[in-house]
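All residue numbers in the sequence shown are consecutive under the UniProt record's numbering, ending with 589.
No residue lacks a Cβ here, since even glycine has one placed at the ideal position from N, Cα and C.
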Amino acid sequence: MYGAAIIAQALHDLGVKVIFGLPGLPVTDIGQEGLYRGIRFISFRNEQAAVYAATAYGYLTGKPGVCICVGGPGVFHVMAGIPHATANSWPLLVLAGSSETHNGGKQAFQEVDAISLLKPHAKLAVRPHSAETIPKSIKDAYRTAMFGRPGPAFVDLPANLILGHYDIPRHTPTPYSEPPMSVAPDNRLRAVVDAIKSAQAPLVVIGKGAAYARAERPIQTLVEKTGIPFVPTPMGKGVIADSHPSNYSAARSVALKEADVVLVLGARLNWILSFGLPPKWNPTAKIIQIDISADELGQNGGNQSLSLVGDVALVVEQIVDRLAGWRWEGRSSAFSRSLQAGKEKNEARAAKKAAVQQLPMPFERAFDVMRTTLNELSNPANGDIVYVSEGANAMDISRSIFTMEHPRIKLDAGTYATMGVGMGYAVAAYTAYNLTGEGSSGTKDHKKIVAIEGDSAFGFSGMEVETMARFQMDILIFVMNNSGLYRGDSDASDRWHEKRRNTVAGTTKEGAGLTAWSLGYETKYQKLAEMAGGIGFEARTPEELREATIQGFKAKVPVVVNVIIDQQADLPMDFSWLDMAPPKKEAKL
1 MYGAAIIAQA
11 LHDLGVKVIF
21 GLPGLPVTDI
31 GQEGLYRGIR
41 FISFRNEQAA
51 VYAATAYGYL
61 TGKPGVCICV
71 GGPGVFHVMA
81 GIPHATANSW
91 PLLVLAGSSE
101 THNGGKQAFQ
111 EVDAISLLKP
121 HAKLAVRPHS
131 AETIPKSIKD
141 AYRTAMFGRP
151 GPAFVDLPAN
161 LILGHYDIPR
171 HTPTPYSEPP
181 MSVAPDNRLR
191 AVVDAIKSAQ
201 APLVVIGKGA
211 AYARAERPIQ
221 TLVEKTGIPF
231 VPTPMGKGVI
241 ADSHPSNYSA
251 ARSVALKEAD
261 VVLVLGARLN
271 WILSFGLPPK
281 WNPTAKIIQI
291 DISADELGQN
301 GGNQSLSLVG
311 DVALVVEQIV
321 DRLAGWRWEG
331 RSSAFSRSLQ
341 AGKEKNEARA
351 AKKAAVQQLP
361 MPFERAFDVM
371 RTTLNELSNP
381 ANGDIVYVSE
391 GANAMDISRS
401 IFTMEHPRIK
411 LDAGTYATMG
421 VGMGYAVAAY
431 TAYNLTGEGS
441 SGTKDHKKIV
451 AIEGDSAFGF
461 SGMEVETMAR
471 FQMDILIFVM
481 NNSGLYRGDS
491 DASDRWHEKR
501 RNTVAGTTKE
511 GAGLTAWSLG
521 YETKYQKLAE
531 MAGGIGFEAR
541 TPEELREATI
551 QGFKAKVPVV
561 VNVIIDQQAD
571 LPMDFSWLDM
581 APPKKEAKL
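Listed below in C-alpha cells is the structure:
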C-alpha cells in the first residue's frame, strides 16, 4: 500500500471530511489520496492562511481542523497557527512532510527538526517510525488535539514513509469516540450556588469556550430562570441573542466594575477581560470560573476555591438544577439602574457616531450602512450570516455594531489577536457550513460569509480571494480602506503624494513624510476579486456602499467591496488593550 494512501486512509477512518493545506513535495499525494476517499482538499496560496482556516474549522465544528504542509519553510509558515490554536483552545492537527529518515543530519532538502521545534508549543508532536505506526500516530494526535483542553497536535511524516510502498494488511479502524465530559462535585456546587444567591449585583460573563462547548441552551435557561444580567466576550456573542433584554454588553465597563458575584463561563481572565482585576473590576467581587482546564482556575482575579472544572454545558445544567425556584430580585436595584443608564448612554453615543454625515465616511457610519442593509437582506434572527472581522479598528468598532442572535457565527482575531486570519477564517466558515455540514448554528444549511477587513489585515492574506473563486465560494468581503494600519496620513491626495515624495527622498523632519503605519493611498483592493473572476466594487458614499452591499450579497462569486473611509490622520494612537498609560511626547533637543 502506498504511504500517502495509508495516511489518507487514517484520516478517513477518523471521519475527517476536509483538509486545508498548500500541496508540495512530498505531501502532494496525501491530498490526492484523500480526494480519492471523499475528503475535500482546500488548497491555499499561503500556509499561514491554511492553518488559520484549520484552527477556525476546529472551533466551528468541535473536531480538529486538519492542515497539511511541506517540511522546512512550510513548517515555519504554519507555526503561526500553532500558538494561535493554543491561545484560543481550538483543536488542530498539523501533518507535515520532512526529509527522508536516512538523510537526517546531512543537510537534506528542507530538513528541519520539526519535533524539537514544536514540542514546546503543541500538545503532542510525534513522528511515526514505520509505515505500520502511521495510523496510530495520526489517531493519537487527533485525539490529543480534541481531548481535555483543545489545542494543536503535530505529526512529522518523513518523505520515505509518504512515498514508499508497503505490504501491510489493511487495519480495522477502531470506533471514533467523543471526548469524555466531566461534571462538578456536589460540595463545590453548593458553595457556588450559595454565592450566587447571596449576590446583590450578580453577573454572567459568556466566553467563546461556551460557544465551542455548544452550551447555549443551558446558559439561556440559566439567564431566563434567574434573571441575572450577562455580558459576552467578543466571540461569546450569540450564545444568548444580543437582542435579549438581559444583555448589557453596551454597559460592560459598568457591569464589571460593580458586579459582586460573577459567573465566568468558558472565558479566561486574560487581557480581553482585563484579567479580572481592579480598576476595571470590583476589587471585592467573587469571580467564579467554569472551565474545562483546571489550570485556569484562580488565574489573575479568579476565585480558586469557588471555581469549577468541567464541561460548561453540563456544569451550568447542574447550577440551574440547584437554583430551581430562585430568581434574582434586583431588577430595581442600584446595580440594575447603573447598567441601564450605562447601556442607554453608550447606545446613544453609538447612534450619534453612526449618523455623522461626512465624506469620507467614518468607520461607524460605514458600518451602520452595512449592518442596516445586511439585516434587510437576511433577518438576524435566522443566523444565516457568519461574520468574520479583523483589523485594529475594523474589528474593535464593528464588534458592538453587528449583532449576533446565534452562537458560532462570529469570528475575529481571538485571544492571540492574530492579524491575517480573516481570509482563512472565511474559507473555513464557508467549508464548515456550506460544504461539509459540520458547522451548526442558525436556521439554514447555507450561510452567507461576510468578512469585515481592515486594509492592513487584508494585506496578510488577500490572495486567498483566488482560493475562494477557485472553489466557487460566494464570500462577501468589505475592505475598510483608511490607507493605514491604524489610521492614514491624509485624506487629500496631493498632500499624501507630497509626503511620499519626502519619504522617498529620505526626509526625516517630523510630519513631512509618511508615518511608519502608512499604506498606499486608496489602494484598489477590489481589483483582486476581478482578477480571480469575482466582482469588485468601490464605495465612497453611503448610497454606493448600500448598493455594493446588496449586489455583493446576491452575487454567486467572491466580492470585494473597497470602502474608502476617513483616514483619521489627526487622531492620536490609542492602545486601550494595553495596561499602561499613553506615552508622553518627549521634548525635542
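Problem - Simplified DSSP assignment, three categories, for Tyr387 - result: Counting from 1 along the sequence shown, the entry for residue 387 is found at position 387. Three-state DSSP puts Tyr387 in a strand.
Practice task
Indicate, with yes or no, if the ligand FAD has a heavy atom lying under 6 Å from the CB of Ala469.
Solution key: The ligand FAD is not part of this structure, which contains no ligands at all.
Exercise for the section: Compute the distance between the beta-carbons of Val155 and Ile138, then report whether it is under 7 Å. Expected result: Residue numbering aside, residue 155 sits at position 155 when the sequence shown is read from its first letter. Residue numbering aside, residue 138 sits at position 138 when the sequence shown is read from its first letter. Taking 7 Å as the Cβ cut-off, Val155 and Ile138 qualify as a contacting pair.
Handout entry: Closer than 7 Å to chain D by CB, Ala350
Key = Here chain D cannot be found, since the structure has a single protein chain.
Practice task
Note down, in chain order, each residue of its chain lying with its Cβ closer than 6 Å to the Cβ of Asp13, except the 5 sequence neighbours on either side.
Solution key: Against the sequence shown, residue 13 aligns to sequence position 13. Closer than 6 Å at the Cβ level, and outside the excluded window around Asp13, lie Pro173.
Practice task
Buried or exposed for Lys527, please, with buried defined as at least 16 other CB atoms from any protein chain shown within 10 angstroms of its CB.
Solution key: If you number the sequence shown from 1, residue 527 lands on position 527. Exposed, since its Cβ has fewer than 16 Cβ neighbours within 10 Å.
Handout entry: Assigned exposure category for Gly302 - 16 Cβ within 10 Å defines buried
Key = For this step, residue 302 is matched to residue 302 along the sequence shown. With 16 or more Cβ atoms within 10 Å of its Cβ, Gly302 is classed as buried.
Exercise for the section: Note down the Cα distance separating Leu377 from Ile385, rounded to an integer number of angstroms. Expected result: Indexing the sequence shown from 1 puts residue 377 at position 377. Indexing the sequence shown from 1 puts residue 385 at position 385. Leu377 and Ile385: Cα-Cα distance of roughly 10 Å.
Handout entry: Contact belief for Thr436 with Lys17 at Cβ below 8 Å, rounded distance in angstroms
Key = Here the question's residue 436 lines up with position 436 in the sequence shown. Here the question's residue 17 lines up with position 17 in the sequence shown. The pair is a contact, with the Cβ atoms about 4 Å apart (cut-off 8 Å).
Handout entry: Three-state secondary structure assigned by DSSP to Phe44
Key = Here residue 44 refers to the residue found at position 44 of the sequence shown. Note: Phe44 maps to coil in three-state DSSP.
Exercise for the section: May I ask you to list the residues that DSSP assigns as paired with Tyr212? Expected result: Here the question's residue 212 lines up with position 212 in the sequence shown. For Tyr212, which the question treats as bridged, DSSP gives no partner whatsoever.
Handout entry: Val560 beta carbon less than 7 Å from that of Ile452
Key = As a first step, residue 452 must be located in the sequence shown, where it is residue number 452. As a first step, residue 560 must be located in the sequence shown, where it is residue number 560. Cβ atoms of Ile452 and Val560: not closer than 7 Å.
Handout entry: Beta-carbon proximity of Lys499 to Gly513, cut-off 7 Å
Key = Residue mapping note: residue 499 aligns to position 499 of the sequence shown, counting from 1. Residue mapping note: residue 513 aligns to position 513 of the sequence shown, counting from 1. Going by C-beta atoms, Lys499 is nearer than 7 Å to Gly513.
Practice task
Please report how far the alpha carbon of Thr418 lies from the alpha carbon of Pro64, in whole angstroms.
Solution key: Numbered from 1 along the sequence shown, position 418 holds the residue referred to as residue 418. Numbered from 1 along the sequence shown, position 64 holds the residue referred to as residue 64. The alpha-carbon atoms of Thr418 and Pro64 are separated by roughly 19 Å.
Practice task
Could you say if the stretch 457-468 and the stretch 398-410 meet the contact criterion of at least three C-beta pairs nearer than 8 Å?
Solution key: no
Practice task
Pick helix, strand or coil for Glu586, following the three-state DSSP scheme.
Solution key: Your numbering for residue 586 matches position 586 in the sequence shown. Per-residue confidence for Glu586 stands at a pLDDT of 46, beneath the threshold of 50, marking its modelled position as unreliable; no derived number is given.
Exercise for the section: Kindly indicate which residue of Ser456, Glu438, Leu60 and Leu163 has the alpha-carbon position closest to the one of Ala210. Expected result: Here the question's residue 210 lines up with position 210 in the sequence shown. Among Ser456, Glu438, Leu60 and Leu163, the Cα nearest to that of Ala210 is on Leu60.
Problem - Backbone CA spacing between Met473 and Ile39 [nearest angstrom] - result: What you label residue 473 is simply residue 473 of the sequence shown in a count that begins at 1. What you label residue 39 is simply residue 39 of the sequence shown in a count that begins at 1. Taking the straight line joining both Cα atoms gives about 18 Å.
Exercise for the section: Measure the alpha-carbon distance for residue 593 versus Ile168 and round it to whole angstroms. Expected result: Nothing about residue 593 can be reported from this structure: the residues present for the chain run from 1 to 589 only.
Problem - Cα-Cα separation between Ser483 and Leu92, rounded to whole angstroms - result: Looking up residue 483 in the sequence shown gives position 483. Looking up residue 92 in the sequence shown gives position 92. Distance between the alpha carbons of Ser483 and Leu92 is about 34 Å.
Practice task
Would you tell me roughly how many angstroms separate the C-alpha atoms of Val388 and Asn88, rounded to the nearest one?
Solution key: For the purposes of this step, residue 388 is identified with residue 388 of the sequence shown, where counting begins at 1. For the purposes of this step, residue 88 is identified with residue 88 of the sequence shown, where counting begins at 1. Put simply, the backbone Cα of Val388 is about 16 Å away from that of Asn88.
Practice task
Any chance you could list the beta strand (DSSP E) runs of at least 3 consecutive residues sitting entirely within the stretch 34-93, in chain order?
Solution key: Fully enclosed beta strand (DSSP E) runs of 3 or longer: 40-43 and 65-69.
Exercise for the section: State the beta-bridge partners of Gly24 as determined by DSSP. Expected result: Position 24 of the sequence shown, counted from the first residue, corresponds to residue 24. In the DSSP output, where bridge partners are listed per residue, Gly24 has none listed.
Handout entry: CA-to-CA distance, His77 to Pro150, given in whole angstroms
Key = For this step, residue 150 is matched to residue 150 along the sequence shown. For this step, residue 77 is matched to residue 77 along the sequence shown. Roughly 21 Å between the two C-alpha positions.
Exercise for the section: Go ahead and label Ala587 buried or exposed: buried means 16 or more other beta carbons lie within 10 angstroms of its beta carbon, across all protein chains shown. Expected result: Residue numbering aside, residue 587 sits at position 587 when the sequence shown is read from its first letter. Reliability of the predicted coordinates at Ala587 is poor, the pLDDT of 41 falling under 50, and the value obtained from them is presented with this limitation in mind. Burial is judged here by how many other beta carbons sit within 10 angstroms of a residue's own beta carbon; Ala587 has fewer than 16 and is exposed.
Exercise for the section: Could I get the ranges of all uninterrupted alpha helix (DSSP H) runs contained in the stretch 488-567, with 4 residues as the minimum, in chain order? Expected result: 493-504, 526-532 and 542-554
Exercise for the section: In the DSSP assignment, find the alpha helix (DSSP H) that holds Met1 and state where it starts and stops. Expected result: Residue numbering aside, residue 1 sits at position 1 when the sequence shown is read from its first letter. First-last for Met1: undefined, no H or E at that position.
Problem - Sequence-distant residues of the same chain with beta carbon closer than 7 Å to Ala413, five excluded per side - result: What you label residue 413 is simply residue 413 of the sequence shown in a count that begins at 1. Counting only Cβ-Cβ distances below 7 Å, and skipping sequence neighbours, we find Glu390, Met395, Met419 and Val421.
Handout entry: Residues bridged to Gln289 (per DSSP)
Key = Looking up residue 289 in the sequence shown gives position 289. In the DSSP output, where bridge partners are listed per residue, Gln289 has Val264.
Problem - Sheet register partners of Phe478 (DSSP bridge) - result: For the purposes of this step, residue 478 is taken as the residue at position 478 of the sequence shown. The partner list for Phe478 (beta bridge, DSSP) reads Ile452 and Val561.
Practice task
For the beta strand (DSSP E) holding Val205, just list the boundary residues, first then last.
Solution key: The sequence position of residue 205 within the sequence shown is 205, counting from 1. Segment Pro202 to Ile206, the beta strand (DSSP E) holding Val205.
Problem - Cβ pair count under 8 Å reaching 3, the stretch 263-270 against the stretch 202-222 - result: A contact exists between the stretch 263-270 and the stretch 202-222.
Practice task
Could you have a look at Asp412 and say whether DSSP puts it in helix, strand or coil?
Solution key: One-based indexing of the sequence shown puts residue 412 at position 412. Note: Asp412 maps to coil in three-state DSSP.
Exercise for the section: Evaluate the contact criterion for the stretch 488-497 versus the stretch 505-521: three or more CB pairs, one atom per stretch, below 8 Å. Expected result: yes
Problem - Length at least 4, wholly inside the stretch 311-389: the alpha helix (DSSP H) runs in chain order - result: The qualifying runs are 312-322, 334-354 and 363-377.
Problem - Residue span of the alpha helix (DSSP H) that contains Pro158, given as start and end - result: Start at 1 with the first residue of the sequence shown, and residue 158 comes out as number 158. It is not in any alpha helix (DSSP H) - Pro158 instead sits in the beta strand (DSSP E) that spans Pro152 to Pro158.
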